[in-house]
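Peer 1:
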Amino acid sequence: MRITAATLNYRDLLVVEGRYNPNLSLPLVPLSDGAGVIDAVGEGMTRFRPGDRVVGVFFQGWLEGEPSAEKLATGLGAGLDGVLCELRVFDEAGLLPVPDHLSDAEAATLPCAGVMAWSAIVTLGRVRPGDVVVVQGTGGVALFALQFAKLVGATVILTSSSDAKLARGEVLGADHLINYRTEPEWSRPVKALTGGRGADLIVEIGGAGTLAQSIRAVRVGGTIAMIGVVAGAAASNLPVPLVVMRQVRMQGVTLGSRADFEAMLRAYTAARLRPVLDERRFAFE
Ligand SMILES: NC(=O)c1ccc[n+]([C@@H]2O[C@H](COP(=O)([O-])OP(=O)(O)OC[C@H]3O[C@@H](n4cnc5c(N)ncnc54)[C@H](OP(=O)(O)O)[C@@H]3O)[C@@H](O)[C@H]2O)c1
Numbered sequence: 000m001r002i003t004a005a006t007l008n009y010r011d012l013l014v015v016e017g018r019y020n021p022n023l024s025l026p027l028v029p030l031s032d033g034a035g036v037i038d039a040v041g042e043g044m045t046r047f048r049p050g051d052r053v054v055g056v057f058f059q060g061w062l063e064g065e066p067s068a069e070k071l072a073t074g075l076g077a078g079l080d081g082v083l084c085e086l087r088v089f090d091e092a093g094l095l096p097v098p099d100h101l102s103d104a105e106a107a108t109l110p111c112a113g114v115m116a117w118s119a120i121v122t123l124g125r126v127r128p129g130d131v132v133v134v135q136g137t138g139g140v141a142l143f144a145l146q147f148a149k150l151v152g153a154t155v156i157l158t159s160s161s162d163a164k165l166a167r168g169e170v171l172g173a174d175h176l177i178n179y180r181t182e183p184e185w186s187r188p189v190k191a192l193t194g195g196r197g198a199d200l201i202v203e204i205g206g207a208g209t210l211a212q213s214i215r216a217v218r219v220g221g222t223i224a225m226i227g228v229v230a231g232a233a234a235s236n237l238p239v240p241l242v243v244m245r246q247v248r249m250q251g252v253t254l255g256s257r258a259d260f261e262a263m264l265r266a267y268t269a270a271r272l273r274p275v276l277d278e279r280r281f282a283f284e
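Below you can see the structure in the form of structure tokens.
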């Protein structure tokens, strides 16, 4: 595969800073998410031909079904060499075709943040039309979560540290906006906006720094999709009794399989979705 576009995730920062897994075997090619063109195929390969546009699957060894420790050890840019390179040899099972309406750069945003949000909202989150979803922040995973929650007909409450970003989130479809800097106890407006019921699903991006508010903001029997740790990894003073007394489902999300990625790409094609891209582009160096 000739790589024509690679994108940056928060995880890639953790990897190069040694915080993702201090025991990674080095040297390592970084970055998990890349798209490009098939340059040549080996003997007996049937899924692709030279010239086909393709995107890499995040976990090369997790094709379908439940995850396992072995499958989760096959992530690009950590367990395996990543995509910040010009040419890379893939097993043909580890690539998927790029939908025609997407550019290579757009496709390269999807394997990590996109599949993560798809699992949080659709596969594991089981969001239904009319549900209320809280999306924390306006980062990569969050904007995909906003897109998928709107696709399935949910009401989205978006939080951010910035009013300008909230305004942009509104253009992208967010129904209600909360600035978590000026409103640190944001579970209160979530409760007010839902008539005291609470949200059906919280897309938990902050981790330790936001979990206490998420537990207060989720409805009885609701779900907290545990995704990120951008506001800390270890928590104390959590209102744990509320999790028990309100039958809250705390669902860890570790991306998804190739089958999940394929399902997401079908939705992209059917609904002509496009990912949100920053205007900035960086050269390979
Ligand atoms: N488990 C997995 O397999 C997996 C896969 C992908 C990502 N992740 C994790 O998901 C997290 C997000 O990744 P990303 O790539 O989307 O990161 P990103 O693009 O860097 O986004 C970070 C955003 O988080 C928001 N944020 C920071 N502190 C917050 C707080 N206290 N409350 C609410 N929002 C807050 C900020 O939004 P504003 O600027 O709007 O305030 C910031 O822009 C990371 O922890 C990453 O490791 C996990």
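FYI, the numbering for the sequence shown is 0 to 284, going by numbering that gives the first Met the number 0.
Quick reminder that beta carbons are idealized off the backbone N, C-alpha and C, glycines included.
Could you spell out where the alpha helix (DSSP H) holding ASP11 opens and where it closes?
Peer 2: As a first step, residue 11 is located in the sequence shown; it is residue number 12 there, counting from the start. Where ASP11 is concerned, the enclosing alpha helix (DSSP H) stretches over 9-15.
Peer 1: Which first and last residues belong to the beta strand (DSSP E) in which SER213 is found?
Peer 2: Locating residue 213 in the sequence shown gives position 214, counting from the first residue. Careful: SER213 lies outside any beta strand (DSSP E), inside the alpha helix (DSSP H) at 210-216.
Peer 1: From VAL14 to PRO29, what distance separates their C-alpha atoms?
Peer 2: On the sequence shown, residue 14 is found 15 positions in, with the first residue counted as 1. On the sequence shown, residue 29 is found 30 positions in, with the first residue counted as 1. Near 8 Å, if we compare the C-alpha coordinates of PRO29 and VAL14.
Peer 1: Does the beta carbon of ALA107 fall short of 7 Å from some heavy atom of ligand 1?
Peer 2: Residue mapping note: residue 107 aligns to position 108 of the sequence shown, counting from 1. No, the Cβ of ALA107 stays beyond 7 Å of every heavy atom of ligand 1.
Peer 1: According to DSSP, is ILE177 helix, strand or coil?
Peer 2: In the sequence shown, residue 177 corresponds to position 178, counting from 1. ILE177: strand per DSSP, three-state reduction.
Peer 1: Rounded to the nearest angstrom, what separates ASP351 and TRP185 at their Cα positions?
Peer 2: Residue 351 cannot be examined here, being either before or after the span of the chain that is shown, 0 to 284.
Peer 1: By how many angstroms is the C-alpha of PHE147 removed from the C-alpha of ILE120?
Peer 2: To locate residue 120, count along the sequence shown from 1; it is residue 121. To locate residue 147, count along the sequence shown from 1; it is residue 148. Answer to the nearest angstrom: the Cα atoms are 7 Å apart.
Peer 1: Is the closest heavy atom of ligand 1 to the C-beta of ASN8 under 7 Å?
Peer 2: Along the sequence shown, read from residue 1 onward, the residue named residue 8 stands at position 9. Checking every heavy atom of ligand 1 against the Cβ of ASN8, one is found closer than 7 Å.
Peer 1: Taking 7 Å as the cut-off, does the CB of GLN146 come closer than this to any heavy atom belonging to ligand 1?
Peer 2: Sequence index remark: in the sequence shown, residue 146 carries index 147 (1-based). Not under cutoff, so the answer is no.
Peer 1: What are the boundary residues of the alpha helix (DSSP H) that LEU241 is part of?
Peer 2: The count along the sequence shown starts at 1 and reaches residue 241 at position 242. First-last of the alpha helix (DSSP H) with LEU241: 239-244.
Peer 1: Nearer than 7 Å: is that true of the beta carbon of CYS84 relative to any heavy atom of ligand 1?
Peer 2: Mapped onto the sequence shown, residue 84 falls at position 85. No, the beta carbon of CYS84 sits no closer than 7 Å to any heavy atom of ligand 1.
Peer 1: Considering GLN146, what are the terminal residues of the alpha helix (DSSP H) in which it resides?
Peer 2: As a working mapping, residue 146 is identified with position 147 in the sequence shown. Its alpha helix (DSSP H) spans residues 139-150.
Peer 1: Run through DSSP, which three-state label would PHE281 get?
Peer 2: Stepping through the sequence shown from its first residue, residue 281 is reached at position 282. Note: PHE281 maps to coil in three-state DSSP.
Peer 1: Keeping to the same chain, check which residues put their C-beta closer than 8 Å to that of GLU203; ignore five residues upstream and five downstream.
Peer 2: As a position in the sequence shown, residue 203 is number 204, starting the count at 1. Excluding positions up to five away in sequence, the list reads GLN135, THR209, LEU210, SER213, ILE223, ALA224, MET225, ILE226 and GLY227.
Peer 1: Among residues of its own chain, excluding the 5 on either side of LEU254, which ones have a beta-carbon nearer than 6 Å to its beta-carbon?
Peer 2: Sequence index remark: in the sequence shown, residue 254 carries index 255 (1-based). Cβ neighbours of LEU254 beyond the five flanking positions: PHE57, VAL114 and MET115.
Peer 1: Exposed or buried, VAL53, counting other C-beta atoms within 10 Å across all chains shown (16 or more means buried)?
Peer 2: Your numbering for residue 53 matches position 54 in the sequence shown. Per the 10 Å Cβ criterion, buried.
Peer 1: Going along the chain, which residues of its own chain have a beta-carbon closer than 8 Å to the beta-carbon of ARG10, five neighbours each way excluded?
Peer 2: Looking up residue 10 in the sequence shown gives position 11. Around ARG10: TYR19, SER31, GLY76, ALA77 and CYS111.
Peer 1: With 16 as the cutoff for other CB atoms within 10 Å, does SER295 come out buried or exposed?
Peer 2: As displayed, the chain neither begins before 0 nor continues past 284, which places residue 295 out of reach and without an answer.
Peer 1: Can you determine whether any heavy atom of ligand 1 sits closer than 7 Å to the C-beta of LYS70, and answer yes or no?
Peer 2: As a first step, residue 70 is located in the sequence shown; it is residue number 71 there, counting from the start. Checking the Cβ of LYS70 against ligand 1 gives no.
Peer 1: Taking all protein chains shown into account, do 16 or more other C-beta atoms lie within 10 angstroms of the C-beta of ASN8, making it buried, or fewer, making it exposed?
Peer 2: Locating residue 8 in the sequence shown gives position 9, where the first residue counts as 1. By the neighbour-count rule (16 or more Cβ atoms within 10 Å), ASN8 is buried.
Peer 1: Opposite GLN135 in the DSSP bridges: which residues?
Peer 2: As a first step, residue 135 is located in the sequence shown; it is residue number 136 there, counting from the start. In DSSP, GLN135 forms a bridge with THR158.
Peer 1: Please return the same chain residues whose Cβ sits closer than 8 Å to the Cβ of ALA39, not counting the five positions on each side in sequence.
Peer 2: Residue mapping note: residue 39 aligns to position 40 of the sequence shown, counting from 1. Closer than 8 Å at the Cβ level, and outside the excluded window around ALA39, lie PRO49.
Peer 1: Any contact between the stretch 120-130 and the stretch 190-201? By contact I mean 3 or more CB pairs, one from each, below 8 Å.
Peer 2: Yes, they touch.
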